[in-house]
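Colleague: Heads up: the sequence shown at position 21 corresponds to 21 in UniProt numbering, and the numbers run straight through without jumps.
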Amino acid sequence: MEGENSTGDDKVIHIRAIAARDIAKQDVIFKGACNPYIRVRLLNLVGNIDREHVLPTRKKTRNPEWRSLGWKWEVNGDELLELTVFDERKVVGLKRRHRELGSVTVNVEEVLSSRLRGDVHLPLDTMSASSIIVSFAASNDNETMEGCERTLPEGWEARTDTNGRVFYVDHVTKSTQWERPNEESRREGGDETARRQYYEERAREV
1 MEGENSTGDD KVIHIRAIAA RDIAKQDVIF KGACNPYIRV RLLNLVGNID REHVLPTRKK
61 TRNPEWRSLG WKWEVNGDEL LELTVFDERK VVGLKRRHRE LGSVTVNVEE VLSSRLRGDV
121 HLPLDTMSAS SIIVSFAASN DNETMEGCER TLPEGWEART DTNGRVFYVD HVTKSTQWER
181 PNEESRREGG DETARRQYYE ERAREV
């Protein structure tokens with residue numbers, strides 16, 4: 001199902017699910033802990049499943065980590081990536097389905113265009129502050145995950161809106177923009193006093 005082989009000219013996306021944060025509480029007995037795992041699906045234009053990858057379950061935690069080696073899929077560019085977090089301990093209905101804790105959808109084109117690249121925090125569609133941290137990259141088949149990743153400047157975070165479009169948040173200046181920031185934009189933009197205070201606060205947290 002995972003389509004690991006490709007030719008040199010094929011569009012390829014690299015995916016590595018790193019962690020999830022503040023997953024919604026589901027179990028009072030275990031103080032909100034759950035047994036989460038992530039299912040990643042590649043959906044075509046009509047919503048059918050082209051590929052699927054399931055990460056292993058992590059036990060009794062609301063902040064699971066995987067940091068797997070990642071995988072790659074051939075794509076056309078018009079598909080959607082659907083990332084869903086489930087609780088393995090919670091069973092729903094007679095068919096014994098695991099309870100869904102939240103999901104997020106990403107346009108593959110955002111990955112191919114390099115707008116969504118490096119470590120990205122994707123908020124889940126829940127009322128809580130739950131999120132998934134995923135590393136994305138796009139390449140031809142001869143490139144590695146590490147070779148084509150580009151991380152965001154410090155203080156920036158990539159997010160997706162309800163339509164799967166990527167926008168960028170500058171936590172220092174409390175502003176957002178559609179264009180992907182780089183080191184040059186970090187030096188040129190924003191209030192230097194606010195930026196210095198941000199770095200000082202981050203240093204105290206370490």
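Just so it is clear, CB atoms sit at the ideal spot from N, CA and C, and this is done for glycine as well.
Would you decide whether D78 is buried or exposed? Buried here means 16 or more other CB atoms lie within 10 Å of its CB.
Modeller: The count along the sequence shown starts at 1 and reaches residue 78 at position 78. Under this definition D78 is an exposed residue.
Colleague: Distance, Cα to Cα, V46 vs K11?
Modeller: By one-based count along the sequence shown, residue 46 stands at place 46. By one-based count along the sequence shown, residue 11 stands at place 11. Cα to Cα, V46 sits roughly 20 Å from K11.
Colleague: Helix, strand or coil for L112, going by three-state DSSP, please let me know.
Modeller: If you number the sequence shown from 1, residue 112 lands on position 112. Note: L112 maps to helix in three-state DSSP.
Colleague: Just verifying my parser: in three-state terms, what is the DSSP assignment at V12?
Modeller: Residue mapping note: residue 12 aligns to position 12 of the sequence shown, counting from 1. If DSSP states are grouped into helix, strand and coil, V12 belongs with the strands.
Colleague: For N63, collect the residues of the same chain with a Cβ closer than 8 Å to its Cβ; drop the 5 residues on either side in sequence, then sort them by chain order.
Modeller: On the sequence shown, residue 63 is found 63 positions in, with the first residue counted as 1. Closer than 8 Å at the Cβ level, and outside the excluded window around N63, lie A19, A20, R21, D22 and I23.
Colleague: Assuming the contact rule is C-beta atoms closer than 8 Å, C34 and R89 should be a hit. Round their C-beta distance to whole Å, please.
Modeller: Working through the sequence shown from its first residue, we reach residue 34 at position 34. Working through the sequence shown from its first residue, we reach residue 89 at position 89. Contact flag correct, Cβ pair sits at about 6 Å.
Colleague: Whose CA, out of D119, A129, D170 and H171, lies closest to the CA of G70?
Modeller: As a position in the sequence shown, residue 70 is number 70, starting the count at 1. Nearest option by C-alpha distance: D119.
Colleague: Does the structure place the segment 107-117 close enough to the segment 125-137 that three or more beta carbon pairs sit under 8 Å?
Modeller: Result yes; three or more Cβ-Cβ pairs closer than 8 Å.
Colleague: Could you give the residue range of the beta strand (DSSP E) that holds T176?
Modeller: Start at 1 with the first residue of the sequence shown, and residue 176 comes out as number 176. Its beta strand (DSSP E) spans residues S175 to Q177.
Colleague: Going by CA-CA distance only, name the one from S130, E157 and E100 that's closest to residue 207.
Modeller: As shown, the chain starts at 1 and ends at 206. That puts residue 207 outside it, with no answer to give.
Colleague: Can you name the start and end residues of the beta strand (DSSP E) that E74 belongs to?
Modeller: Numbered from 1 along the sequence shown, position 74 holds the residue referred to as residue 74. Residues W71 to V75.
Colleague: Give the secondary structure of A158 by DSSP, where H, G and I count as helix, E and B as strand, and everything else as coil.
Modeller: To locate residue 158, count along the sequence shown from 1; it is residue 158. If DSSP states are grouped into helix, strand and coil, A158 belongs with the strands.
Colleague: Quick one: grab the DSSP three-state call for V172.
Modeller: Looking up residue 172 in the sequence shown gives position 172. If DSSP states are grouped into helix, strand and coil, V172 belongs with coil.
Colleague: How about E100 and T84: are their beta carbons less than 8 Å apart?
Modeller: Position 100 of the sequence shown, counted from the start, is the residue given in the question as residue 100. Position 84 of the sequence shown, counted from the start, is the residue given in the question as residue 84. Taking 8 Å as the Cβ cut-off, E100 and T84 qualify as a contacting pair.
Colleague: Taking 6 Å as the limit between beta carbons, can you name the residues of its chain near H171, skipping five residues before and five after?
Modeller: By one-based count along the sequence shown, residue 171 stands at place 171. Closer than 6 Å at Cβ, skipping near neighbours: G155.
Colleague: Taking just the CA atoms, how far does Q177 sit from R16?
Modeller: Stepping through the sequence shown from its first residue, residue 16 is reached at position 16. Stepping through the sequence shown from its first residue, residue 177 is reached at position 177. So the alpha carbons of these two residues sit roughly 25 Å apart.
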